[in-house]
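Residue numbers (UniProt numbering), protein chains in the order written: chain D, 1 to 184; chain E, 1 to 184. Beneath this line is the structure, given in structure tokens, with notes to follow.
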DNA sequence: GAGATATAATTAGGAACCTAACTATATAGG
DNA sequence: CCTATATAGTTAGGTTCCTAATTATATCTC
């Protein structure tokens, strides 16, 4: 009756690109391109987007976002204190983004900011006791969830996947450095 | 000298989560979780985000975004005419998002909207000649780019990767349906 | 030591996608 | 027929992350 129209579910079928589709696209323009390569790249993008969305939903159950959780976890990994610029580097986001993440975490009492005594430009970000408690509380459920995402893969398969994934990542990095960049 | 501070590059090293880091996190809470599973999941998320960003940069060279390109490509796959709701389903995004994508594509003359004669609620989206031309023009470079993202993998490895990726996707889908949902 | 340059964090504004609410049309039941 | 409900598309507003400009401090060079 109520229909509870969860748009996400409806898509799951059609949203996955097929090999036929990739082939058709390539054939249309007579390109010398491996259709399977296109398919793999397309599927990886779809998987990445899917996992990203799933992750946001997962963390929202704890009142966090993916980014804000990663800030807390990274702080925990560095004895509860880091500079915003270090966080930006560890998380792979810009400093501007870190500022925003910390604004909310500070508002919620999970971290605090402190001026550096050494360098007047710096401000330390500190994991509060409440922040540490949040991490403790969510750890079992969070890690179980993370493990479950790759739960359909055997141990050996995970190693293989990790290796292949690493090389794809490397390929993308190489692609981003060289080709489209303006020489300036 | 000039330093050309491209933030993206700096991160590439540190942003990748390591096995040690995953292990430390799990050990801290004495959880019975496979550290490698955590690592694989983390890396997949990082790779997905990276590819997503790379994709936006790639398409911006043609004056498009990833989403808007996908609209054009999907239209081409369906004889140049679709309903917004079909596009939403094929692309795996909401109808609201499709409305926004089409607004811009229409403004740029790459698609047009037409009222349906059958159903007064529907509006067809139509690929214009200019839209088709855009696709033709960017095809060689675009598909070469897409192929290059998986260029470091052999043909056989691509098959394996596709299989493993499929099972991860499946795992995530299952995870999103059942566990955190409120019974309502 | 004073001016040019580099760096740390922030602010302002933009892009992509989301959910929820709204408008208009269609369809089903009494 | 005519009210109740479902559906198509849109609008309004929120989230996440980005780039570019701003402010404040540090460092290098002459």
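Beta carbons are placed, not taken as given, at the ideal position from N, Cα and C, and that holds for glycine.
Residue pairing by DSSP places residue 125 (chain D) opposite D:82, D:113 in a beta bridge. With a cutoff of 8 Å on beta-carbon distance, residue 124 (chain E) and residue 83 (chain E) are scored as near each other. Going by beta carbons, residue 160 (chain E) and residue 150 (chain D) fall outside the 8 Å limit. With fewer than 16 neighbouring CB atoms inside 10 Å of its own CB, residue 96 (chain D) falls in the exposed class. Around residue 29 (chain E), the beta-carbon contacts reaching into chain D at under 9 Å are 135, 136, 139, 140, 143. Each of D:165, D:177, D:32 was checked against the Cα of residue 17 (chain E), and the nearest Cα belongs to D:165. Taking the C-beta atoms as reference points, residue 74 (chain E) is found no nearer than 8 Å to residue 64 (chain E). Relative to residue 171 (chain D), the option among E:47, E:170, E:32 whose CA is nearest is E:47. Secondary structure at residue 26 (chain D): helix, using DSSP grouped into helix, strand and coil. Interface flag for residue 127 (chain D) against chain E is unset, since no Cβ pair is found closer than 8 Å. Membership of residue 100 (chain D) in the alpha helix (DSSP H) is indicated by the continuous run 95–107. Interface annotation for the stretch 160–172 of chain D against chain E: 160, 161, 162, 164, 165, 167, 168, 169, 170, 171, 172, criterion Cβ-Cβ distance under 7 Å. Between residue 44 (chain E) and residue 51 (chain D), the CB-CB gap stays under 8 Å. Going by C-alpha positions, residue 79 (chain D) is about 34 Å away from residue 157 (chain D). The residue among D:72, D:154, D:23, D:139 with its C-alpha nearest the C-alpha of residue 90 (chain D) is D:72. Taking the Cα positions, residue 126 (chain D) is about 40 Å away from residue 100 (chain E). Judged by their CB atoms, residue 135 (chain E) and residue 76 (chain E) are nearer to each other than the 8 Å cut-off.
Against chain E, the beta carbon of residue 121 (chain D) has no neighbour under 8 Å; the closest one sits roughly 16 Å away. Residue burial annotation: residue 155 (chain E) is exposed, with fewer than 16 other C-beta atoms found within 10 angstroms of its C-beta.
In summary, residue 169 (chain E) is buried, with 16 or more beta-carbon neighbours lying within 10 Å of its beta-carbon over all protein chains present. Residue 131 (chain D) carries a helical assignment under DSSP once its states are collapsed to helix, strand and coil.
The three-state reading of DSSP puts residue 18 (chain E) in coil, since its state is none of H, G, I, E or B. Taken in chain order, no unbroken stretch of beta strand (DSSP E) lies wholly in the stretch 138–182 of chain D with a span of 3 residues or more. A distance below 7 Å between beta-carbons, with the five flanking residues on each side excluded, links residue 122 (chain E) to the following residues of its chain, in chain order: 83, 116.
Per DSSP, reduced to three states, the secondary structure at residue 52 (chain D) is helical. Under the Cβ criterion of 8 Å, residue 49 (chain D) is counted among the residues facing chain E.
Residue range 66–77 is occupied by the alpha helix (DSSP H) that includes residue 70 (chain E).
Contact of residue 46 (chain E) with chain D by beta-carbon distance below 8 Å involves 92, 169. A direct Cα-Cα distance of roughly 33 Å separates residue 93 (chain D) from residue 106 (chain E). Take residue 69 (chain E), set aside five residues on each side of it, and the residues of its chain with a beta-carbon closer than 7 Å to its own are 59, in chain order. Closer than 7 Å at the C-beta level to chain D, one finds no residue of the stretch 96–125 of chain E.
Proximity of residue 153 (chain D) to chain E, defined by a Cβ-Cβ separation below 8 Å, is satisfied.
When D:109, D:36, D:55, D:53 are compared, the shortest CA-CA separation from residue 162 (chain E) is found for D:36. Between residue 140 (chain E) and residue 31 (chain D), the C-beta spacing is below 8 Å. In this structure, residue 26 (chain D) sits near residue 38 (chain D), with a CB-CB distance shorter than 8 Å.
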